[in-house]
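Residue numbers (our numbering): 227 to 754.
Positions of the beta carbon are idealized from the N, C-alpha and C atoms, including for glycine.
The model shown is predicted, which means the values in this text are computed figures rather than measured ones.
Right, dumping it as structure tokens:
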């Protein structure tokens, strides 16, 4: 009997197949920022099992990387996939761009009940991993609706309780969207107290700041102040300079972040590699005009005196940003008339045969919102300079993020960042413009975000870590999505694996859904 067991052992060892998958002939970029090196990678039970010389016979399945780069899968720290991931669980726009983990619930907007959100995802499964923030706007609206005032002590306590429950349910932090209602109505102490609750459970404070244009420095100061007073790490979302008169000041805003770090405050930033942003049409309307709910807003639009006041403030905003009209504001999706998709407010105004001036265009903005009963009208805003994008990208503590949801292929004219963010960095800013080297770009997309959001077993190619990885050709990787033709997946990614399962295989989505919910440090009530 012992002799038979020995023969069986020798036979199994000799036949190999010790691992589920072996990747041969790749150049490993491990995510730490270290230079690439030649090595094979073995995967077993969804984990990286070994890196080094590995016989092909040791793998049940073997992938020939053909001298391409083998790297950790990319972690997109700023997404908005509530609803869209349930509808399109393959998340093709992210997966084809090398993304294996999504952090959602940003800009103050999240699922209210994270347990229900996670359960809804588990019903059908999903391709990438998912972690979530709890959104301040979501919490405030739950407790205070659209009230334009400070919370009462009771309301503050209710909001803190909601944040605490979300952290116990697995949130990785709290986010704010301080240019959006009702977040814009909140004063700093309100946010500090909510951030303190997230800090107790090991969370991060991620902020779409109060201003990204003329007052961007004040907004950065507030974000740092919140981190300091709440004793919480700060992530400044989609860091930018979005006002023409102050283009070039990114050297100063980056210096502010670095100065905070030298003082001992844990502040980092993320960006998308484009000179246009994307958000709702409502963002260019004064926030006070949106207070107290949709009915109150529509009454203001329709009252001549109030409408004139709104118009004046909108025109003042144009002048402050050295703009004559709204030609920089392009409709991504207008549900009432899809022929407006892809047109600027100026061009829509001209199409309708109206007077060609900023006053008429400001009125048009209110009319478009009125006709859709204030349903979200998605826009693309061309407000940044290429110089600032490159300066921010050179900063070592800048992560790469799309600020996108799961794309509905061929619907509307969305921002191309939803399709091509990571490929654009690798193709344009690494290969063509040489702004940063490939190893550094991958660090910004993998180990840095994993460290920031405390995803302890992700972001590095290392034995024992989750087998989220990408294989791509650095010579051909490219974003194919443009402003004029946005619906195009990135190219150059041969394989994308999530938890050891190929989701992209030979450049094609396999339809598999091996994604996992990644819980924050406070899951199940574990306060730090």
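Given this structure, state the Cα-to-Cα distance separating residue i from residue j, to the nearest angstrom.
| i | j | result |
| --- | --- | --- |
| residue 560 | residue 405 | 21 Å |
| residue 400 | residue 389 | 8 Å |
| residue 245 | residue 711 | 43 Å |
| residue 348 | residue 313 | 12 Å |
| residue 522 | residue 516 | 8 Å |
| residue 338 | residue 309 | 12 Å |
| residue 631 | residue 578 | 31 Å |
| residue 747 | residue 659 | 39 Å |
| residue 613 | residue 279 | 43 Å |
| residue 319 | residue 532 | 42 Å |
| residue 619 | residue 627 | 11 Å |
| residue 541 | residue 440 | 15 Å |
| residue 183 | residue 647 | Past the boundaries of the shown model lies residue 183; the chain is included only from 227 to 754, so the question cannot be answered. |
| residue 358 | residue 334 | 11 Å |
| residue 398 | residue 740 | 21 Å |
| residue 736 | residue 702 | 21 Å |
| residue 438 | residue 468 | 6 Å |
| residue 247 | residue 696 | 14 Å |
| residue 259 | residue 650 | 19 Å |
| residue 654 | residue 535 | 44 Å |
| residue 555 | residue 281 | 56 Å |
| residue 600 | residue 285 | 56 Å |
| residue 629 | residue 435 | 14 Å |
With a Cβ-Cβ cutoff of 7 Å, do residue i and residue j count as a contact?
| i | j | result |
| --- | --- | --- |
| residue 704 | residue 720 | no |
| residue 329 | residue 297 | no |
| residue 430 | residue 459 | yes |
| residue 470 | residue 548 | yes |
| residue 707 | residue 645 | yes |
| residue 257 | residue 672 | yes |
| residue 364 | residue 497 | no |
| residue 730 | residue 722 | yes |
| residue 558 | residue 610 | no |
| residue 661 | residue 616 | yes |
| residue 362 | residue 409 | yes |
| residue 605 | residue 527 | no |
| residue 283 | residue 301 | no |
| residue 463 | residue 432 | yes |
| residue 485 | residue 450 | no |
| residue 414 | residue 448 | yes |
Since residue i is in the alpha helix (DSSP H), which residue starts that stretch and which ends it?
| i | result |
| --- | --- |
| residue 363 | 362-370 |
| residue 742 | No alpha helix (DSSP H) contains residue 742, which DSSP labels as neither H nor E. |
| residue 442 | 442-456 |
| residue 676 | 673-678 |
| residue 344 | 340-350 |
| residue 460 | That residue, residue 460, is in no alpha helix (DSSP H); its beta strand (DSSP E) goes 460-462. |
| residue 417 | 414-426 |
| residue 617 | 612-620 |
| residue 383 | 379-394 |
Following the continuous beta strand (DSSP E) through residue i, name the residue where it begins and the one where it ends.
| i | result |
| --- | --- |
| residue 592 | Element bounds for residue 592: not the beta strand (DSSP E) but the alpha helix (DSSP H), 584-597. |
| residue 502 | 502-506 |
| residue 433 | 430-434 |
| residue 402 | 399-403 |
| residue 607 | 604-608 |
| residue 356 | 355-358 |
| residue 639 | No beta strand (DSSP E) contains residue 639, which DSSP labels as neither H nor E. |
| residue 731 | 727-731 |
| residue 626 | 624-626 |
Near residue i, which residues of its chain fall below 7 Å by C-beta distance, leaving aside the five closest residues on each side in sequence?
| i | result |
| --- | --- |
| residue 700 | 295, 652, 657, 664 |
| residue 341 | 395 |
| residue 587 | 551, 552, 571, 572, 575 |
| residue 261 | 665 |
| residue 387 | none |
| residue 734 | none |
| residue 457 | 425 |
| residue 506 | 602, 603, 604, 605 |
| residue 374 | 411, 514, 517, 518 |
Could you check whether the Cβ of residue i sits closer than 6 Å to any heavy atom belonging to the ligand NAP?
| i | result |
| --- | --- |
| residue 350 | Among the ligands in the structure shown, none appear at all, so the ligand NAP cannot be discussed. |
In its own chain, which residues sit with a C-beta less than 6 Å from the C-beta of residue i, not counting the 5 before and 5 after it?
| i | result |
| --- | --- |
| residue 635 | 713 |
| residue 277 | 265, 267 |
| residue 492 | 459 |
| residue 726 | 269, 272, 693 |
| residue 504 | 606, 641 |
Can you give me the Cβ contacts of residue i inside the same chain, cut-off strictly under 8 Å, excluding the 5 residues immediately before and after it?
| i | result |
| --- | --- |
| residue 690 | 273, 274, 683 |
| residue 228 | Note on residue 228: pLDDT 42, under 50, position unreliable in the model; the coordinate value appears next. Excluding sequence neighbours, residue 228 sits near nothing in its chain. |
Length at least 3, wholly inside the region 693-725: the beta strand (DSSP E) runs in chain order
695-698, 719-724
For a minimum of 4 consecutive residues, which ranges assigned as the alpha helix (DSSP H) are wholly contained in the region 245-331?
310-313, 318-321
What are the complete beta strand (DSSP E) segments, minimum 3 residues, inside the region 524-595?
555-559
Ranges of the alpha helix (DSSP H) found wholly within the region 467-513, counting only runs of at least 4
476-488
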